[in-house]
Every structure is written in structure tokens, then in C-alpha cells.
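First residue of the sequence shown: 899, per this note's numbering; consecutive thereafter. What follows is one structure encoded as C-alpha cells, with my remarks underneath.
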Amino acid sequence: MHICEKCCIFAQNFSISLRMRLKEEQYAPMWELSPIWATLTEEERVRVAEQVEIVRYEKNEIIHNDGDESQYVWMLLKGKVRIYKEGIGQRLQIIRLLKPYDIFGYRACTVNEPYNSSASAFEACMVYRLNREFFNELIRENGKFCYEVMLMMAKDLAFSEIQTVNLTQKHIRGRLAESLLLLLKNYGYEEDGQTLAMLLPREDLANMSNMTTSNAIRTLSQFAQEGIVGIDGRHVKILNEKALERISRLG
């Protein structure tokens, strides 16, 4: 049997066995979940199947710390992960909230530098994990894969640049509106078509918006009084999305 045929069969068998092991979660191999991994050849998929680890993290468990040696690239499978930095007075700034199939930790691994931010499980989650050396080997050997990683890095850089402007130049109302819209974009609505599919503590909402918790609570209450959002504990309903967009745009 030709080596490519053997690799194809191995990859197919891995897909089947992985689904059997994770039947409840219904997870597929990486290359079926993200266009970046879809660029891998059959031989590379075999090697990924041999190298990849599936890791569970409990709520608030640290995945990596700012300054840790970069060892792994992760892809989120289930749950939510926060990427953040700790500033003066141990105040946190949430940089990103990840959704399933987002990839993180790859920049530090690509340039062989320590992680420049921390990652923790916002809720119980599951990830795929690949070691740095193997990930960089794929970049060197597969031009299409390298190009997809480059595009991903460029998009993340553009997002960071926009967030820098938003968090430093917009007023409090504009920053909070921007954060709510970002949560909506990432996680969408619950079945009622209004409630954000994200239970975010006020402290984390403040950390996303570069403001104090008291300011976040006060501004969110103002939005509720204006009929822009509805509040029920940690549940937030978006009642007037266009108004949020206008507030965010005007800053």
C-alpha cells in the first residue's frame, strides 16, 4: 500500500477513534474545525494525530502565565478562555475573550519568546495542545499553513490596534458599548434572541473596558435606564443594538 494511502487511512481511523473517545462532546479532528489546519497534508495530519494532546481546564484554572516559557500552541474546543495582562496594583486588563476554535499562544511559540500575556479558563473548557517545536516545523514545511498563520497573526494585530484606540480614546460609555458588542459578536444570543450567551461578572466587564468596576456598574445601569439593555443578575439583554453601535461609534 502506498504511503499516502496508509496516511489517509490512519487519519480517518484517528478521526473515528477521537469521536468515540469524545462522543459526548462531539469533537472532530483539528483539520475539520479550522481552515488553518485544513491546509495540512495527509502525512502531516498523521503526525498531528500522534502529537496532539487533549487537555481539560477547570473554571479559573491558569493555562499559562505572562512570562512563562512558551511551550505549546492551543486551540479552544469547548468553553471560554480569557487572555489578559496584569497591570499596576494587580489590576487586570482583559485583552481577548476566546470562542471555540480560536487559536492562542502561537505568537510566542513562533518567535520562541515567553508568553507576553496570561490565559485562564473563564469556564470549564477543553483544548487541543501542540508543542512549540512541532508547530514551528509545520510552519517551515508547509507554505499554505504558514500563510494561514500569517493571516491569523495579521488579524490579531489589527484587532489589538483597534482595541488600543478604543480603550484609550473613547469615553466610558463608548468603551462599555464596544465591549458589549464584542461579546455579542463572539458569543451571540441565547435562544430568546436578546440575552447575551455569556455570563460576565461586572469586574470582568470592567476589565474588558478599561474602567473601574463601579464605573462599569453605573454605566450599565444608565444603559438599562435608557432602554438599551436589560439586566437580570449577570444576564444582560441587548434591547437596542443600533443604539449601542451609535454610542460605540461616537465614543
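Where is the CB? At the ideal position from N, CA and C, for every residue including glycine. Keep in mind that this is a model prediction, so the values were computed, not measured.
- Within the segment 1010–1069, the alpha helix (DSSP H) runs of at least 4 residues that lie entirely inside it are, in chain order, 1030–1039 and 1041–1067.
- In the structure shown, V950 falls within a coil segment according to DSSP collapsed to helix, strand and coil.
- Here L1081 is buried, its C-beta having at least 16 other C-beta atoms within 10 Å.
- DSSP lists no bridge partner for E1139.
- Within a 10 Å sphere around the beta-carbon of A926 sit fewer than 16 other beta-carbons, which makes this residue exposed.
- Excluding the 5 residues flanking it on each side, R1030 has same chain C-beta neighbours closer than 8 Å at S968, Q969, Y970, V971, C1007 and N1010, in chain order.
- A distance below 7 Å separates the beta carbons of T937 and K1042.
- Annotated three-state conformation of L1097 is coil, per DSSP.
- Around the beta carbon of L1028, 16 or more other beta carbons sit within 10 angstroms, so the residue counts as buried.
- T1111 and E1046 have their C-alpha atoms roughly 38 Å apart.
- Its chain contains M973, Y999 and I1001 as the residues whose beta carbon lies nearer than 8 Å to that of S932, once the 5 sequence neighbours on both sides are disregarded; these appear in chain order.
- Just measuring C-alpha positions, the residue of E1035, I986 and D966 sitting nearest S1016 is D966.
- Between the segment 1084–1098 and the segment 1128–1135, the count of Cβ pairs shorter than 8 Å is three or higher; the stretches touch.
- Under a 10 Å Cβ-count criterion, A1056 is classified as exposed, with fewer than 16 other Cβ atoms of the shown protein chains found around its own Cβ.
- Taking C-alpha positions only, A1022 is separated from M1050 by approximately 25 Å.
- DSSP places L1082 in the helix class (H, G or I) of the three-state scheme.
- Burial state of L1074 is buried, judged by a 10 Å Cβ sphere holding 16 or more other Cβ atoms.
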